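Protein chains in written order, with my numbering: chain A, 953 to 1311; chain B, 953 to 1311. Glycine included, each C-beta is placed from N, C-alpha and C at the ideal position. Only a predicted model underlies this, so the values are computations on that prediction, with no experimental measurement involved.
2 protein chains.
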Amino acid sequence: MTRAKDDDLSGTPTRYRKRATLADVAADLGLNASTVSRALDPSRHSMVSSSTRERVVSAAGRLGYRPDLRARSLMTGRTQTIVVIAANLGNTTVTPVLHGVASRVAVEGIVPIIAETNDDSAVLLELIDHMLSRRVDAIIVMGARRQDAAAIESAARLVPVVVTFRPLLDVAVPVIMVDDRKGGALVAAHFASLGHQLVAQLPGPSDVMNFLLRDEGFSATAKETGLDVVVTPDEAEVPTFEEGQRLMRELLDSDDRKPTAIFAHNDPMAIGAMSVLDERGIKIPADLSIAGYNDMPFTAFLACPLTTVRYPGWEVGHAAADAVIRMLAGEGKVASVCVDPEFVPRASTSSARNRTAQP
Amino acid sequence: MTRAKDDDLSGTPTRYRKRATLADVAADLGLNASTVSRALDPSRHSMVSSSTRERVVSAAGRLGYRPDLRARSLMTGRTQTIVVIAANLGNTTVTPVLHGVASRVAVEGIVPIIAETNDDSAVLLELIDHMLSRRVDAIIVMGARRQDAAAIESAARLVPVVVTFRPLLDVAVPVIMVDDRKGGALVAAHFASLGHQLVAQLPGPSDVMNFLLRDEGFSATAKETGLDVVVTPDEAEVPTFEEGQRLMRELLDSDDRKPTAIFAHNDPMAIGAMSVLDERGIKIPADLSIAGYNDMPFTAFLACPLTTVRYPGWEVGHAAADAVIRMLAGEGKVASVCVDPEFVPRASTSSARNRTAQP
DNA sequence: AGAGTATCTGCAAGCGCTTGCAGAGGAGAG
DNA sequence: CTCTCCTCTGCAAGCGCTTGCAGATACTCT
């Protein structure tokens, strides 16, 4: 590999302009690079006479000078970068979190960069490693599974790290989470209040805390309110539309007693389940009530508007960013945060009273 | 500002471990940093004896050494980074594009980083500037508007830049686009084939090429097939659910003749329009046919499954990444690409024959 | 045995920036 | 007029890495 910058390009039709350096603008003005550096930095403005400052600014503009952030960060020790690592950007629930993060870090002059793991632990590890090599100032992990805890803690010895979106228990970093246990409880309480007696879940993968907690909250409240829960034989490998279909089919095809209300652990799974019910001519909510989780966009406009639980993503992202920024500022002990979800009843759940006997 | 790295942290409760450098592992082994550097780089492996190579690898592991990519890139001239700047990550259509990009660059050992403009030109310019300062190797712009062309061309003099997702005409960089003109034409042809005679559009903002082209394609084919098009008084400022509602209301409330089929320029607008129709008791497709654009997830499971046009996002992303990578490789003239969209008929459009007279 | 050739390692420069220190020059005080 | 102090600029080191070159071994061949 030759020294790419000048050589590689020289023979090719497309040429990219060489970038002006601090030394270039200094030379242009017969100044020293250090003076130019000071003149261009607002916080060191005052060390330079206003006349040279003006000359520097104009020359920098003329030459199209842009500071090289790599070189700068090498000296300052800060890259002014934080990275948020998401499992899957296609998940509409993550977007508000990203926006919450962006809105918090923007005021610090920090640019968040985003990376995606495709929900693959191996990719997560690689990405963490890569970002450490890149010397990002902090990491927000949005897509962790339980087995990732060790890697996260190890990264946390090097830079501030927080875990959010998918919480982890017993991890030695701040966790910014939504109270999914309460979310699950809300759904169970709703089912109970509608008079259901036999209900079931379409559980997401239990190695993701969110789903485990939804299950716990749902089950606990079901017990308290005397709701009978059909144990679902299987859980989704990934919490998707397709897996929702599969689980719904399994439930329908099993020899178990048939529940009158179903709690799908997220909206895509609920919609998958609804598509199966539609196939089989089972009416929602007349024959079967169904609730989802997350309040995805447009869930209000499905064939049957979906009862769900709103995930307060923006708030979560904001809190997560706030946590890493405080850690960056040297604040010693940064606390974990738990945000409340909000129940959103719609038409897909209804009273169990006038239900016909099970087929 | 003091030298942050060591000083700032020293007094605080949280301490972050100092990172091992090449010099550290060299010192540990009594070697020179250059030897360690060579031992750790697969492509220069062979310049170093296998015994020292093993010692180096083990010492590097023991000390937790991670190369500093900033410093490396300063020497190599490549950051191995490309950035994709999207307008809005909440738009589910962008995700497949991102995945297409990622899948193409991964094989080059390049990590794509993602940034978001919130569809704000000022933010786009800032972001481009920032990424140039960061010395990213290339930029993929996914959220451009017409007025951004100059800034994009100016960036393109420094690094490879391609424009995609929202194409720009007359911009001196490769454009990877979907043939939205054809997409619009497909919808008009569909309406004509169903026997509609009077139709209308809910247009997206015309300073975004996609919408302009959809309009052109739709209008041209409408003319060819003898379709009469009600001129919509207004266009959406942003192509959202809410603007879809607003435009639909305007159309319904105007004194114009009432169309029997509507082409909303994207799915969220179509869904907004549907919500208004639902409010007013207008049945889809019995009273009014409606088509959207993009084939967002779950549009098949709306109250009325939506006829739409699939946006081949993955293919677009892949092609865009391929273009910048070829530019990076010094390939002179990289061509623009135009990918075909795919028509997806569903239940929201139907024959106009047995339509009642207009109210 | 001596010359020639691989093979391996070290040296030092330099990527583009920041920053402590020192020096030049001018202003103000005595 | 001298001494001090302040303002402004330059010098040089160094952040952590790569890389051309040179030197030191070890190995082959005649």
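Asked	Found
Whose C-alpha, out of B/Q1099, B/D1132 and B/R1022, is nearest the C-alpha of B/H1217?	B/D1132
Answer yes or no: do A/G1178 and A/A1137 have a C-beta to C-beta separation smaller than 8 Å?	no
Using the beta-carbon of each residue, which ones in chain A are nearer than 9 Å to B/A1255?	F1253, L1254, A1255, C1256 and P1257
Which residue marks the beginning of the alpha helix (DSSP H) containing B/T1173, and which one marks its end?	M1161 to E1176
If you pair each beta-carbon of the segment 1106-1126 of chain A with each one of the segment 1264-1279 of chain A, do three or more pairs fall below 8 Å?	yes
Can you look up A/S986 in the DSSP assignment and give me helix, strand or coil?	helix
Rounded C-beta distance between A/D1208 and A/V1182? I'm assuming under 8 Å.	5 Å
Answer with buried or exposed for A/D1020, where buried requires no fewer than 16 other C-beta atoms within 10 angstroms of its C-beta.	buried
Write down the C-beta distance between B/L1203 and B/A1152 rounded to the nearest angstrom, noting that I regard them as a contact closer than 8 Å.	6 Å
Would you check if the segment 1237-1249 of chain B and the segment 1006-1024 of chain B touch, i.e. whether three or more CB-CB distances between them fall below 8 Å?	no
Got a sec: which bits of the segment 1016-1037 of chain A sit with their beta carbon under 7 Å from any beta carbon on chain B, in order along the chain?	R1018, P1019, D1020, L1021, R1022, A1023, S1025, L1026, T1028, G1029 and R1030
Within 10 Å of its beta-carbon, does A/N1246 have 16 or more other beta-carbons around it, so buried, or fewer, so exposed?	buried
In whole angstroms, what is the alpha-carbon distance linking A/K957 and A/I1091?	Reliability fails at A/K957, whose pLDDT of 32 lies under 50, so the model's placement of it is uncertain and the value that follows must be treated cautiously. The alpha-carbon atoms of A/K957 and A/I1091 are separated by roughly 31 Å.
Across the segment 1223-1232 of chain B and the segment 1246-1259 of chain B, are there enough close Cβ pairs to call them in contact, namely three or more that are closer than 8 Å?	yes
Hey, how far is the Cα of B/R1262 from the Cα of A/V1291?	37 Å
Show which residues of chain A have a CB atom less than 8 Å away from the CB atom of B/I1242.	Near B/I1242 there are no residues of chain A at all, since even the closest Cβ is about 13 Å away, more than 8 Å.
Can you check whether the CB of B/D976 is closer than 8 Å to the CB of B/L1015?	yes
For the beta strand (DSSP E) that A/V1063 lies in, which residues bound it at each end?	V1063 to E1068
Taking Cβ-Cβ distances shorter than 9 Å, what residues in chain B pair up with A/L1084?	R971 and R1018
Using C-beta distances below 6 Å, list every residue in its chain close to B/R1098, excluding the 5 sequence neighbours before and after it, in chain order.	D1159
Which residue marks the beginning of the alpha helix (DSSP H) containing B/D1081, and which one marks its end?	S1073 to S1085
Per DSSP, what kind of secondary structure is B/T1251 in: helix, strand or coil?	helix
Using C-beta distances below 7 Å, list every residue in its chain close to A/G1061, excluding the 5 sequence neighbours before and after it, in chain order.	Q1032
For B/H1142, count neighbouring C-beta atoms within 10 Å of its own C-beta (all shown protein chains included) and say buried if the count is 16 or more, exposed if not.	buried
Whose C-alpha, out of B/A1144, B/G1052 and B/V1113, is nearest the C-alpha of B/V1286?	B/V1113
State buried or exposed for A/D1100, treating a residue as buried only when at least 16 other CB atoms are found within 10 Å of its CB.	buried
Quick one: list the residues of chain B neighbouring A/S1227, beta-carbon separation under 9 Å, in chain order.	A1252 and F1253
Which stretch, first to last residue, makes up the beta strand (DSSP E) that contains A/V1139?	From DSSP, A/V1139 is part of no beta strand (DSSP E) but of the alpha helix (DSSP H) over D1132 to S1145.
What residues from chain A crowd round B/G1136, counting only those whose CB sits closer than 9 Å?	Result: empty, since nearest Cβ-Cβ is about 23 Å, beyond 9 Å.
Look up B/F1295 in the DSSP assignment and say whether it is helix, strand or coil.	strand
Taking C-beta pairs closer than 7 Å, name the residues in chain B that A/V1111 reaches, listed in chain order.	Y968
Any idea which residues DSSP pairs A/D1205 with across the strands?	In DSSP, A/D1205 forms no bridge with anything.
According to a CB-to-CB cut-off of less than 7 Å, which residues of the segment 1040-1052 of chain A neighbour chain B?	L1041, G1042, T1044, T1047 and L1050
Are the Cβ atoms of A/W1266 and A/P1048 separated by less than 8 Å?	yes
A/E1195: buried (16+ other C-beta within 10 angstroms of its C-beta) or exposed?	buried
Let's test the definition: count the other Cβ atoms within 10 Å of the Cβ of A/H1051 and tell me whether it reaches 16, buried, or not, exposed.	buried
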